[in-house]
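Numbering (UniProt numbering), first residue to last: 1 to 108.
Presented below is the structure to which this report refers.
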Amino acid sequence: MTEPTTALVALTELAPVIRSKNAGPTLLTLDLFFRDAQAFERAASSPALQADAVAHLYRCPAQAVQRFALPGIRAIKFTLPRRVCAGSPGDGDVYGAQQHGPLLEVWL
Numbered sequence: 001m002t003e004p005t006t007a008l009v010a011l012t013e014l015a016p017v018i019r020s021k022n023a024g025p026t027l028l029t030l031d032l033f034f035r036d037a038q039a040f041e042r043a044a045s046s047p048a049l050q051a052d053a054v055a056h057l058y059r060c061p062a063q064a065v066q067r068f069a070l071p072g073i074r075a076i077k078f079t080l081p082r083r084v085c086a087g088s089p090g091d092g093d094v095y096g097a098q099q100h101g102p103l104l105e106v107w108l
């Protein structure tokens, strides 16, 4: 007998808060806050939210992505390099507040 599989669910269903912001002029922080401990555990153990998967999503080297799982506040945070230094020519988001978009398409 095989174990039942869990259907995929959109990250947006598990995390009511998904945001980004600068962590200095060259780094970006992605914050995901989950609705409950079960949602956090599902996300924390998902391959889709490991550092290498987020690196692939944001097109940066895996070793450049730091992942912080914070069960006490039901959050996962990532820090990664910005593509363009904040405020430099070509920077369309000086505060880094619109960089969470790729996460909105993640399914777990």
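Think of the CB as a built atom: it goes at the ideal place given N, C-alpha and C, for glycine as much as any other residue.
Contacting residues, own chain, Cβ-Cβ under 8 Å from Pro102 (five flanking each side not counted): By one-based count along the sequence shown, residue 102 stands at place 102. If we look at Pro102 and ignore the five residues flanking it on each side, its Cβ neighbours are Leu57, Tyr58.
Close beta carbons around Val54, own chain, < 6 Å, minus the five adjacent residues each side: Here residue 54 refers to the residue found at position 54 of the sequence shown. The answer, listed in chain order, is Val65, Phe78.
Mind the definition here: the stretch 72 to 87 touches the stretch 34 to 54 only if three or more C-beta pairs lie below 8 Å; say whether that holds. yes
Please indicate yes or no: does the CB of Pro25 lie closer than 7 Å to some heavy atom of the ligand GDP? Among the ligands in the structure shown, none appear at all, so the ligand GDP cannot be discussed.
Less than 8 Å between the C-beta atoms of Ser20 and Gly96, yes or no? Position 20 of the sequence shown, counted from the start, is the residue given in the question as residue 20. Position 96 of the sequence shown, counted from the start, is the residue given in the question as residue 96. Result yes, Cβ atoms of Ser20 and Gly96 sit closer than 8 Å.
Note down the Cα distance separating Ala37 from Gln99, rounded to an integer number of angstroms. Indexing the sequence shown from 1 puts residue 37 at position 37. Indexing the sequence shown from 1 puts residue 99 at position 99. Near 26 Å, if we compare the C-alpha coordinates of Gln99 and Ala37.
Would you decide whether Val17 is buried or exposed? Buried here means 16 or more other CB atoms lie within 10 Å of its CB. By one-based count along the sequence shown, residue 17 stands at place 17. That one is exposed.
3 or more residues per run - each beta strand (DSSP E) lying fully within the UniProt domain "DUF4387" (11 to 106): 17 to 22, 27 to 33, 66 to 70, 75 to 81
Cα-Cα separation between Ala10 and Ala39, rounded to whole angstroms: Along the sequence shown, one-based indexing puts residue 10 at 10. Along the sequence shown, one-based indexing puts residue 39 at 39. Each residue's Cα considered, the two are about 11 Å apart.
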